[in-house]
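Heads up: the sequence lines are chains A and B, in that order. The working numbering numbers the first residue of the first sequence as 248 and each following residue consecutively. The working numbering numbers the first residue of the second sequence as 325 and each following residue consecutively. Heads up, the beta-carbon is just placed ideally off N, CA and C, and yes, glycines get one too. Note that this is a predicted model, so its numbers are computed, not measured. Notes to accompany the following structure.
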Amino acid sequence: MTTDPGQQPLRTTAVSGRSRRWTEFPLAMAMLAPSAVILGVFILYPLGRAVWLGQQRCNTFGDVCRSNGFGQYVDLFRSIEFQNALLVTAKFALLTVPLGLVLGVGLAVLADKYLSGLGVFRAIFSSTVATSVAVASLMWLFLLQPSVGALANVDFFNALFPSVKDPGWLQDPGTALTAVAMSSVWANLGFTFILVTAGLQSIPRDLHEAAAVDGAGGVRRFWSVTVPMLGPTLLFVLIVLTTRAFQTYGEIDLLTDGGPKPQDSTTTITYFVYGQNSPIRSDPGLQAGSAVLLFVILLALSALQLRGIGRRVHYGD
Amino acid sequence: MATEPAVGAVPVAAVPADASADALSSARVRRKHFDQPVGWRLAGRYALLVAISAIVLFPVYTTVVAAFKPGDKVFRNPLLPDAFTLEVFSRAWSSGHLGQYLLNSLIVAVVVTAAQVVTSVLSGYAFALLDFPGKNVFFALFVATLLVPLEATLVVNFDTIDSLGWINTYQGLAVPFLATAFGTFLVRQVFLTLPRDLRDAAAIDGVGHLGFLRHVAVPLVRPTLGALALFSFLSSWNQYLWPNLVINEDERNTVQSGLRLLSKSNLDEPNLVMAGTVIAAIPIAVVLIVFQRQLVRGLTAGAVKG
């Protein structure tokens with residue numbers, strides 16, 4: 248501690264600002280080093296390397312690669328396979344994000360009134376936050392499997408929806424993505440509910456009362472008080488849910504393996520890059536290229552949401 | 325203690341986690357609230373809450389029912405707990421190696437959590453309380469890593485871990501996640517709220533930066549560090565894609581990759597898979613019940629990014 252430069256405060260006022268900045272430099276570097284090394288080696292370097300790899304073409308074993316020019320990104324983006332994955336991912340986001348937001352806000356508002364026993368309902372609505380993607384997906388796999396699953400063996404449900412047994416919602420190209428989306432909405436519900444509930448509790452009660460005194464009914468208060476005051480929370484949840492939707496992998500891997508074939512109805516971009524059944528599984532060049540495209544798409548989406556909606560969000564004081 | 329609320333409130337400025345306490349106490353003061361439902365509206369609201377709760381809990385219910393049923397009963401009346409056995413659980417535990425998987429997940433998650441808290445405190449302190457050339461550049465680089473999705477880095481990280489000979493090891497699972505820009509940012513934000521006088525007073529008393537960090541700064545921001553720790557633990561425990569890439573020996577599977585294996589190799593025995601799922605879900609459920617406050621704080625802390 249004797250070498251610590253910070254313990255000479257009197258000197259700092261005597262010397263110029265410039266040299267003071269350098270006296271703390273070694274300590275700052277030492278403190279930043281552990282984080283900087285990890286982030287550099289496992290985030291910044293891989294990103295740069297992936298951008299470079301993305302323009303390489305490899306042989307069928309994936310061990311010999313040569314440069315193919317950065318035009319490969321354009322070719323990859325335009326390829327039928329990537330376009331399909333992008334479309335599937337976008338559909339998945341549209342199926343999960345708006346519904347997830349509406350359900351999260353709806354349940355949080357419903358459980359925000361002063362009722363006794365509310366704690367129990369809050370605990371139940373938050374509970375899915377405790378499920379990992381594997382746990383949640385396997386629960387839904389059991390629900391939805393056509394022959395050994397739970398719903399397929401419930402008679403009245405079968406009568407209502409015969410397709411749950413034949414061919415099975417996860418096996419039918421028309422319903423597979425929606426079925427996966429249901430499990431994902433369920434799994435994310437706890438997260439959204441907790442965030443929106445915390446946001447609701449930060450809204451001063453007086454605002455609601457003042458609006459009520461002015462004659463605003465429940466619906467009017469929801470749109471004129473609750474929604475604007477929840478702005479920052481909703482924007483944050485929107486961005487997180489969208490990002491998660493675009494990164495969806497575990498649900499696909501466990502529920503559908505990217506199928507049903509041959510339409511690849513549930514091959515999202517992340518599954519396209521890493522999935523067992525992916526056509527580019529053994530091509531590091533195309534894998535890295537697709538991963539970089541995913542990064543660019545996510546960046547653009549977040550920027551769009553921040554600019555488009557963020558501008559209208561009101562950040563209290 | 326007196327400074328604690330002020331310190332804790334800042335990183336969650338958008339949605340203070342402690343607001344619930346205020347809301348509840350004010351409810352007690354005013355006996356009846358102006359928009360409190362009464363009569364039929366009250367009954368209707370309860371009915372709605374109960375109905376939605378039933379839907380939300382339905383997948384959990386069918387899972388638990390199936391996990392306690394013997395193999396020949398699981399396909400009949402999946403909604404009724406009309407048979408009971410613990411045999412499936414013991415089989416999932418022993419032949420599914422879930423004990424080993426849980427231990428692996430725990431080791432990795434504890435190492436990652438401890439490391440993330442330490443690295444975040446160090447770098448967060450440097451950004452908040454030290455003055456040095458290149459600070460803005462370094463900070464911009466740190467923040468930039470927040471924008472990179474995990475998926476964009478794993479192709480190359482797999483090669484890195486492979487060339488280090490760390491496939492099927494704890495190092496391979498943990499090392500890429502020993503630091504996080506999110507944690508750095510979170511800790512920096514809360515350190516920035518410490519009164520400047522505190523540091524000046526310590527400096528006059530001859531306390532260096534490291535001493536100040538250890539004895540003053542860290543104890544003051546403990547709630548934030550608790551939230552960060554829980555967040556790190558959950559993120560590590562729930563990792564799915566990375567363990568699937570770097571682990572291909574059963575010995576080193578985490579709970580998540582182990583569950584995947586259990587499911588893929590026992591498709592015709594849903595009760596076995598469901599028993600495994602229940603076993604895998606219990607530790608996190610317990611952790612979250614114990615650390616509820618940190619969870620809300622940890623989740624809402626991310627809102628500062630917006």
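*What does residue 436 (chain B) reach in chain A if we use C-beta pairs closer than 8 Å?*
By Cβ distance, chain A contributes nothing, its closest Cβ being about 11 Å from residue 436 (chain B), past 8 Å.
*Buried or exposed: which applies to residue 610 (chain B), given that a residue is buried once 16 or more other Cβ atoms fall within 10 Å of its Cβ?*
exposed
*Run the CB neighbour count on residue 558 (chain A), radius 10 Å, all protein chains shown included, and call it buried at 16 or more, exposed below.*
exposed
*Pair within 8 Å by beta-carbon distance, residue 519 (chain A) and residue 424 (chain A)*: no
*residue 314 (chain A) lies in the beta strand (DSSP E); which residues open and close that run?*
312-314
*asked:* Three Cβ pairs or more, each shorter than 8 Å: is that satisfied between the stretch 437-452 of chain B and the stretch 491-509 of chain B?
replied: yes
*Going by Cα to Cα distance, which pick from B:372, B:361, B:377 is closest to residue 437 (chain A)?*
B:377
_Between the CA atoms of residue 322 (chain A) and residue 512 (chain A) - distance to the nearest angstrom_ = 22 Å
_Complete runs of the alpha helix (DSSP H) confined to the stretch 426-482 of chain B [at least 4 residues]_ = 459-470
*Same chain only: Cβ atoms within 7 Å of residue 355 (chain A), ignoring 5 sequence neighbours per side*: 440, 443, 444, 447
*Which one or two residues does DSSP pair with residue 304 (chain A) in a beta bridge?*
A:313
*Flag residue 609 (chain B) as yes if its beta-carbon sits less than 8 Å from any beta-carbon of chain A, otherwise no.*
yes
*Give, in chain order, every residue of the stretch 374-392 of chain A whose Cβ lies closer than 9 Å to some Cβ of chain B.*
374, 375, 376, 377, 378, 379, 380, 381, 382, 383, 384, 385, 386, 387, 388, 389, 390, 392
*asked:* Tell me the rounded alpha-carbon separation between residue 328 (chain A) and residue 457 (chain A).
replied: 56 Å
*Please classify residue 403 (chain A): does DSSP put it in a helix, a strand, or coil?*
helix
*Considering only the beta carbon of each residue, do residue 301 (chain A) and residue 484 (chain A) sit closer than 8 Å?*
no
*What is the rounded straight-line gap between the Cα of residue 498 (chain B) and the Cα of residue 432 (chain B)?*
6 Å
*Check whether the Cβ of residue 353 (chain B) lies closer than 8 Å to any Cβ atom in chain A.*
Low local confidence applies: a pLDDT of 46 at residue 353 (chain B) is under 50, so the model's placement there is unreliable, with the coordinate-based value given in what follows. False, the Cβ-Cβ gap to chain A never drops below 8 Å.
*Quick one: grab the DSSP three-state call for residue 331 (chain A).*
helix
*Hey, residue 392 (chain B) and residue 408 (chain B) are a contact pair by Cβ (cut 8 Å); roughly how many whole angstroms apart?*
5 Å
*Taking the alpha-carbon positions, what's the residue 541 (chain B) to residue 454 (chain B) distance?*
13 Å
*What are the complete alpha helix (DSSP H) segments, minimum 4 residues, inside the stretch 538-599 of chain B?*
546-561, 565-570, 579-589
*Of all the options B:592, B:588, B:529, B:555, which has the alpha carbon lying nearest to the alpha carbon of residue 615 (chain B)?*
B:555
*Residue range of the unbroken alpha helix (DSSP H) whose run includes residue 565 (chain A)*: The structure shown does not extend to residue 565 (chain A), since chain A spans only 248 to 564, so no value can be given for it.
*Closest to residue 413 (chain B) by CA distance: which of B:400, B:389, B:427, B:435 is it?*
B:389
*Give every residue of the same chain whose Cβ lies closer than 8 Å to the Cβ of residue 549 (chain B), excluding the five residues on either side of it in the sequence, and list them in chain order.*
441, 445, 511, 542
*Of all the CB atoms in chain A, is at least one closer than 8 Å to the CB of residue 623 (chain B)?*
yes
*Positions along the stretch 573-584 of chain B whose CB lies within less than 7 Å of some CB in chain A*: 580, 583, 584
*If you drop the 5 nearest sequence neighbours on each side, which residues of the same chain put their C-beta closer than 8 Å to that of residue 257 (chain A)?*
In this prediction, residue 257 (chain A) scores a pLDDT of 45, lower than 50, which makes its location untrustworthy; the coordinate-derived value is nonetheless stated afterwards. Excluding positions up to five away in sequence, the list is empty.
*Using Cβ-Cβ distances below 9 Å, what residues of the stretch 384-397 of chain B are close to chain A?*
384, 386, 387, 389, 390
*asked:* Going by C-alpha to C-alpha distance, which of A:282, A:525, A:405 sits closest to residue 390 (chain A)?
replied: A:405
_Determine, for residue 361 (chain B), whether the minimum Cβ-Cβ distance to residues of chain A falls below 8 Å._
yes
_Three-state class that DSSP yields for residue 610 (chain B) in the structure shown_ = helix
_Please tell me whether residue 567 (chain B) has its Cβ less than 8 Å away from any Cβ of chain A._
no
_is_contact[residue 418 (chain A), chain B] using C-beta, thresh 8 Å_ = no
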